[in-house]
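To keep things clear, I will list the structure first and then write my remarks on it.
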Amino acid sequence: MMRGLVSAIKALARDRVGAVASTGSGYRGGWRSWNNGRIGLSPTATPASPYGACLAYDEGVVSNVRISPNAYRRVVMGAGIMLAVIVMSGAAVRLTSSGLGCEDWPTCTEDSLAPEWSFHAWVEFGNRLFTGVVSAAVIAAVLAAHFRTPRDRRLVFLAGGLVLGVLAQILVGAAVVLLELTPVSVTAHFLISMLLLANAVVLYRASSTKDPTPTSTIAPLASLGHLALAAAVLVSGTVVTGTGPNSGDVRANRLPFDLGTVARLHSVIVWVFLAATVTLAVTLRGVPALQRTLQVLLTAVVVQGGIGYLQYFTGVPPLLVQLHVTGSIVVWCASVWLYLVSRGISVIEQSPHPSAPARLVSSGARP
Ligand code: HEM
Numbered sequence: 019m020m021r022g023l024v025s026a027i028k029a030l031a032r033d034r035v036g037a038v039a040s041t042g043s044g045y046r047g048g049w050r051s052w053n054n055g056r057i058g059l060s061p062t063a064t065p066a067s068p069y070g071a072c073l074a075y076d077e078g079v080v081s082n083v084r085i086s087p088n089a090y091r092r093v094v095m096g097a098g099i100m101l102a103v104i105v106m107s108g109a110a111v112r113l114t115s116s117g118l119g120c121e122d123w124p125t126c127t128e129d130s131l132a133p134e135w136s137f138h139a140w141v142e143f144g145n146r147l148f149t150g151v152v153s154a155a156v157i158a159a160v161l162a163a164h165f166r167t168p169r170d171r172r173l174v175f176l177a178g179g180l181v182l183g184v185l186a187q188i189l190v191g192a193a194v195v196l197l198e199l200t201p202v203s204v205t206a207h208f209l210i211s212m213l214l215l216a217n218a219v220v221l222y223r224a225s226s227t228k229d230p231t232p233t234s235t236i237a238p239l240a241s242l243g244h245l246a247l248a249a250a251v252l253v254s255g256t257v258v259t260g261t262g263p264n265s266g267d268v269r270a271n272r273l274p275f276d277l278g279t280v281a282r283l284h285s286v287i288v289w290v291f292l293a294a295t296v297t298l299a300v301t302l303r304g305v306p307a308l309q310r311t312l313q314v315l316l317t318a319v320v321v322q323g324g325i326g327y328l329q330y331f332t333g334v335p336p337l338l339v340q341l342h343v344t345g346s347i348v349v350w351c352a353s354v355w356l357y358l359v360s361r362g363i364s365v366i367e368q369s370p371h372p373s374a375p376a377r378l379v380s381s382g383a384r385p
């Protein structure tokens with residue numbers, strides 16, 4: 019009886035494989051072209067599994083979707099811009115004292131999802147709604163990485179980091195509201211945003227670089243040290259914010275420091291950072307690929323420092339602080355970009371036409 023059962027199963031399996039094999043000629047091409055021949059079945063593979071049917075379906079639905087490297091870079095740029103905009107809109111929530119405009123989370127109040135009309139509530143709720151746009155932008159970056167031709171798993175991985183970061187920020191944003199804007203939560207919210215921006219810059223760089231092998235134009239410790247100084251400027255700035263009067267709501271508590279002392283500490287770190295940037299600019303003046311980034315960074319640091327002093331001596335007026343936050347985004351993104359470019363030997367622009375050769379557009383090597 020047992021033997022009869024085994025032969026019945028074998029016969030059933032033969033029938034199933036035969037049915038699937040009949041769909042074979044179609045799906046092989048589709049699967050291969052979608053993956054650009056890198057992953058998946060080999061060209062000679064015989065379809066011998068029930069998954070063949072799914073792959074045949076894939077051919078019809080997704081294999082025609084292709085995204086060029088240039089288009090992908092634009093998607094990443096869009097996601098990066100959205101991440102920068104939400105940092106600015108988050109600052110606007112704080113600087114208009116709308117931090118507790120919605121006192122609950124995820125609904126605005128205990129019994130209502132959206133607020134009644136009130137300026138503070140709608141500034142805060144508008145920022146929450148904008149999270150939806152940011153989420154869509156980072157999800158688009160992951161999906162587009164799947165359909166980019168050629169497909170590169172590094173990009174899928176890096177874009178996935180953006181989605182995880184935005185999910186983390188939704189939870190930290192909830193903590194900010196539920197903990198009534200306690201400075202540590204607001205600081206964490208801001209610094210995670212900066213990590214997300216760094217992730218977006220790395221993704222943008224990776225999506226335009228064929229050879230990601232880092233080859234240093236300066237000592238690795240020097241470039242890392244410069245980036246660490248940029249991070250120290252941001253962290254010390256958040257301590258000044260956590261101590262100062264721009265809390266987001268009068269009910270929020272403040273860090274127990276002296277505002278003048280932490281602002282001086284912040285500005286000393288900025289001076290060290292400026293000195294390090296000037297040293298890099300002098301050391302790397304023979305490397306054409308870095309000149310533009312260094313110019314942008316130096317200008318941004320000087321302008322940002324000026325805004326910093328101006329806002330300090332005028333009692334941190336909201337409009338100047340808003341500009342200062344925007345300047346931080348520029349300084350930070352330029353610093354991350356400088357780090358990446360100074361650690362890579364070349365940037366190869368991938369041709370949008372697969373037949374045309376890749377073009378060497380810059381070289382990090384010393385002339
Ligand atoms: C490269 C230059 C600079 C960068 C990148 C920078 C960055 C920052 C950052 C990230 C914050 C916190 C923003 C937030 O938490 O929302 C901040 C706050 C602040 N910074 Fe700077 N800063 C720079 C230069 C300066 C200078 C030279 C001063 C002069 C004292 C200064 C004064 C302040 C003050 C007073 C605050 C608190 C503003 C508030 O009330 O929110 N900054 N800065």
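Residue 19 is where the sequence shown starts when you use our numbering, and the numbers rise one by one after that.
Using N, Cα and C, we set each Cβ at its ideal position, and we do this for glycine too.
- Between L215 and L173, the gap from beta carbon to beta carbon reaches 8 angstroms or more.
- Under DSSP, T205 forms no beta bridge with any residue.
- Between the alpha carbons of A177 and F208 lies a distance of about 20 angstroms.
- The alpha-carbon of W355 is positioned some 43 angstroms away from that of S130.
- Within a 10 Å sphere around the beta-carbon of G117 sit 16 or more other beta-carbons, which makes this residue buried.
- Shortest gap from the CB of Y357 to any heavy atom of the ligand HEM: 7 angstroms or more.
- At the C-beta level, V280 and T261 come within 8 angstroms of one another.
- Distance from the CA of A307 to the CA of Q187, rounded to the nearest whole angstrom, comes to 34 angstroms.
- Membership of G326 in the alpha helix (DSSP H) is indicated by the continuous run P306 to F331.
- Of the residues assessed, V286 falls on the exposed side of the cut-off, its CB having fewer than 16 other CB atoms within 10 angstroms.
- In the three-state reduction of the DSSP assignment, T261 falls in the helix class, which pools H, G and I.
- Apart from the 5 residues on each side of it in sequence, R91 sits with its Cβ closer than 8 angstroms to the Cβ of Y222, S225 and S226 in its chain, given in chain order.
- Shortest Cα-Cα distance from L273 to any of M95, V204 and T149 involves V204.
- Shortest gap from the CB of Q340 to any heavy atom of the ligand HEM: 7 angstroms or more.
- Judged by beta-carbon spacing, L316 lies beyond the 8 angstroms limit of A294, meaning their Cβ atoms are not closer than that value.
- The beta-bridge partner set that DSSP reports for I85 consists of R166.
- Around the beta carbon of F291, 16 or more other beta carbons sit within 10 angstroms, so the residue counts as buried.
- The beta-carbon separation of T149 and I99, rounded to 15 angstroms, does not stay under the 8 angstroms limit for a contact.
- Look at G144 here: in three-state DSSP terms it is helix.
- Annotation for P336: the continuous alpha helix (DSSP H) segment containing it runs P336 to S360.
- Per the C-alpha coordinates, the member of L358, A270, L242 and S254 positioned closest to L197 is A270.
- Boundaries cannot be given for F275, as no alpha helix (DSSP H) includes it and DSSP labels it neither H nor E.
- Using a Cβ distance threshold of 8 angstroms, L113 and Q340 count as a contacting pair.
- For V268, the CB contacts under 8 angstroms within the same chain, skipping 5 residues up- and downstream, are S115 in chain order.
- Here the alpha carbons of V93 and H138 stand approximately 32 angstroms from one another.
- Residues S254 of the same chain have their beta carbon placed closer than 7 angstroms to that of L283, with the five preceding and five following residues left out of the count.
- Nearest neighbour of L277 by Cα position, chosen from V257, I210, G324 and A158, turns out to be V257.
- With 16 or more other CB atoms across the displayed protein chains lying within 10 angstroms of its CB, P133 is buried.
- DSSP places T127 within a strand segment (E or B) once states are collapsed to three.
- Y357 is a Cβ neighbour of L245, given a cutoff of 8 angstroms.
- A97 and N217 have their alpha carbons spaced roughly 11 angstroms apart.
- At least one heavy atom of the ligand HEM falls within 7 angstroms of the beta-carbon of N264.
- Scanning the stretch 86 to 119 for uninterrupted alpha helix (DSSP H) segments of 4 residues or longer gives 87 to 113, listed from N- to C-terminal end.
- Between I236 and L337 a beta carbon distance of about 38 angstroms is seen, past the 8 angstroms cut, so the two are scored as non-contacting.
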